[in-house]
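For the working numbering, count along the sequence shown from 1 and bump the result up by 268. Take a look at the structure below.
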Amino acid sequence: MQRQRFLFSALALLTVWRLVLLPVRDLCPDEALAVVAGGADGWSWIETGPLMALLAKVSTGLLGSTELAARFFAPMLALITSLCVWRLARGLFDAQVAAWSVVILNVTPAFNLAAVTFTSGTVFFALFAALPLALCEALHRARRWDWSWGLCAALVALCAMADARGLVALPCVALALGLPRNTRRHLRGPGFVIIAAAWVFVAAGWLLFGGRITAPCWNVAAPLVRLLLLASPVVLIALYLVTRSLRRGPLSPQHALLVGFALPLLVLDLGWGAWDRWPCVGLSAWLVFATLMLAHLAREVPRVSTERMITLRTAGIALAALQTLALLHTDFIRTLGYPWPFAQRVDGWHTFTRFHRADPSSSTTGWENTAEIVREIVSSSSMERAGWFIITSDWLLAAELGFYLPTDLPVIRPNSGHPIAHPHHREGETTPFTPWERYDFGEHYLGANAIYITDDARAKGLPADLRERFGSVDIITIAEIKHGGQRVRTLRIFSCHGYRPSDG
Numbered sequence: 269m270q271r272q273r274f275l276f277s278a279l280a281l282l283t284v285w286r287l288v289l290l291p292v293r294d295l296c297p298d299e300a301l302a303v304v305a306g307g308a309d310g311w312s313w314i315e316t317g318p319l320m321a322l323l324a325k326v327s328t329g330l331l332g333s334t335e336l337a338a339r340f341f342a343p344m345l346a347l348i349t350s351l352c353v354w355r356l357a358r359g360l361f362d363a364q365v366a367a368w369s370v371v372i373l374n375v376t377p378a379f380n381l382a383a384v385t386f387t388s389g390t391v392f393f394a395l396f397a398a399l400p401l402a403l404c405e406a407l408h409r410a411r412r413w414d415w416s417w418g419l420c421a422a423l424v425a426l427c428a429m430a431d432a433r434g435l436v437a438l439p440c441v442a443l444a445l446g447l448p449r450n451t452r453r454h455l456r457g458p459g460f461v462i463i464a465a466a467w468v469f470v471a472a473g474w475l476l477f478g479g480r481i482t483a484p485c486w487n488v489a490a491p492l493v494r495l496l497l498l499a500s501p502v503v504l505i506a507l508y509l510v511t512r513s514l515r516r517g518p519l520s521p522q523h524a525l526l527v528g529f530a531l532p533l534l535v536l537d538l539g540w541g542a543w544d545r546w547p548c549v550g551l552s553a554w555l556v557f558a559t560l561m562l563a564h565l566a567r568e569v570p571r572v573s574t575e576r577m578i579t580l581r582t583a584g585i586a587l588a589a590l591q592t593l594a595l596l597h598t599d600f601i602r603t604l605g606y607p608w609p610f611a612q613r614v615d616g617w618h619t620f621t622r623f624h625r626a627d628p629s630s631s632t633t634g635w636e637n638t639a640e641i642v643r644e645i646v647s648s649s650s651m652e653r654a655g656w657f658i659i660t661s662d663w664l665l666a667a668e669l670g671f672y673l674p675t676d677l678p679v680i681r682p683n684s685g686h687p688i689a690h691p692h693h694r695e696g697e698t699t700p701f702t703p704w705e706r707y708d709f710g711e712h713y714l715g716a717n718a719i720y721i722t723d724d725a726r727a728k729g730l731p732a733d734l735r736e737r738f739g740s741v742d743i744i745t746i747a748e749i750k751h752g753g754q755r756v757r758t759l760r761i762f763s764c765h766g767y768r769p770s771d772g
């Protein structure tokens, strides 16, 4: 009992420490987009799910438009995840397995990264930890109609509302019920029908409004490198232990539940995780079930003494903690003398695929300085401020400027179809660049001026379809954003004068 009380006290202190870390780094584009989408009317289904925008709207509405407010739910959701893991492991196994599961999960690099950044991966950890707990409750009650089935349906819907990949929640539930023979009958019961109905409702939203589906990463090395970075070799031992347990015979009901949830998540994470923009950890929630299996099966490894098991466990946890330090504070690697440059847009800084070549944390570095440069240009402009707009080369830059610029200038991105208006943009006000897919806005906007900003190292000017809509375009400045003497990004800023609608 003393050890359990110590565990909960440690979780409380860990949550406070994570809250302190929230304002240390700038928001990544996905976090900024959630805040900006939360400040807009309606439901957002482009690049971010409606749940992310809703949670960001609640936190920033209560605490203000700051990094701490935008990420406030991250440590809270990490705490909820830990408590759900403890309760699930205690119900399936015992208190000792529950305690070790929580400890292993909280030193895993992916979980720590999710606990201090607010992305869909953060929400997935909490929801996929709560879902099997609710499912166990529904199975334990053994009723055809029960509120616990409704809770499962709500959690499945929330998973899908966080990110389109969250639609995998239904296959997870189906597999968890289908693997053990004694629970397969529930697949034909009203409880599963309720869950499926909630899933179909949210899936329709992604189908109608959510955009395209990308192909998986066919480069085998990229997912494996990412797996080693986020899961650490410690948790990968769980995969080996599970493989050994499968050879012994049929899975126990407890292991069948864990495998049922872990397998679909792991498959999707291996296929699409390499495309995740830093610091999103995607569907790494399979680690919840891997740590549970590791904590339980490690006790059953034959021919290993207790002393040696403790040594191996301590060494593994220490390695995972060191990896966590390197991922949360990438400057630490440079302090060791390794010349690790920041990834540039042309290098695909937003993914894990080139982590060994460049530091992807440029996505959380220098955005406030970027906004300051834009702010100075706008304030020093000799032209009338009315009628000026900011156009960015893509939504990532638009989301960052939309969050960090304190002005009422709307920030938009061409060629997208999904407007990212500034949170302070006046309600009901329209701009000539709001419908991003075209630039024919009529005579009403004749003569409007804009500032075009890009941080793509390959860009030399405006896109051709945008350039032809203005009478003249001039380069204002080329600015470099640096951190610790290293280049983070290069900005090219243009002034665009005299908007003219299309002749057609």
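Glycine included, every Cβ here is placed at the ideal spot set by N, Cα and C.
Taking buried to mean at least 16 other C-beta atoms within 10 Å of its own C-beta, is residue i buried or exposed?
i	result
T633	buried
W415	exposed
Y672	buried
G752	exposed
N374	buried
N487	exposed
P458	exposed
S740	exposed
L475	exposed
V441	buried
S350	buried
H564	buried
S647	exposed
D742	exposed
Can you tell me where the alpha helix (DSSP H) with residue i in it begins and where it stops?
i	result
H564	554–565
R760	Counting along the chain, R760 falls outside any alpha helix (DSSP H), though it belongs to the beta strand (DSSP E) covering 754–767.
F393	388–409
G473	458–477
C440	437–446
W415	415–430
A524	521–540
D298	297–306
F600	599–603
S647	635–647
Y672	663–672
A732	732–735
Under 6 angstroms Cβ to Cβ from residue i, same chain only, skipping five residues before and after it: list those, please.
i	result
T334	none
R694	At R694 the pLDDT is 35, less than 50, meaning the model places this residue with poor confidence and gives no usable figure here.
T638	I749
A357	V365, A366, S369, L560
I585	V375
F379	L373
I348	A394
E697	Unreliable positioning characterises E697 in this predicted model, as indicated by a pLDDT of 37, which lies under 50. A coordinate reading is not provided.
A305	S312, T316, A321
L661	Correcting the residue identity first, residue 661 is Ser in this sequence and not Leu. Excluding residues within five positions, the ones whose Cβ falls inside 6 angstroms are T722, D724.
For residue i, I'd like the list of residues in its chain whose CB is within less than 7 angstroms of its CB, leaving aside the five on either flank, ordered along the chain.
i	result
G473	W313
I601	A594, W608
P377	L497, L498, S500, A588, Q591, T592, L595
D298	T316, T387, R545, C548
W554	A530, L533, L534, D537
C352	A397, A398, L401
I'd like the span of the beta strand (DSSP E) that includes residue i, first residue to last.
i	result
F657	656–660
N717	717–722
S740	738–751
Cβ atoms of residue j and residue i: under 7 angstroms apart, would you say?
i	j	result
V549	L498	yes
R613	A725	yes
L551	L531	no
L525	A402	no
A428	G434	yes
A542	R494	yes
W540	P484	yes
Y720	F762	yes
L759	D723	yes
S630	F610	yes
L345	T390	yes
W467	L438	yes
A324	A308	no
A338	L295	yes
Leaving aside the five residues before and after residue i along the sequence, list all residues of the same chain whose C-beta is less than 8 angstroms from its C-beta, in chain order.
i	result
G446	R452, L455, G528
Residue ranges of each alpha helix (DSSP H) run of no fewer than 4 residues wholly in the region 327–380, ordered along the chain? 335–338, 341–360, 363–375
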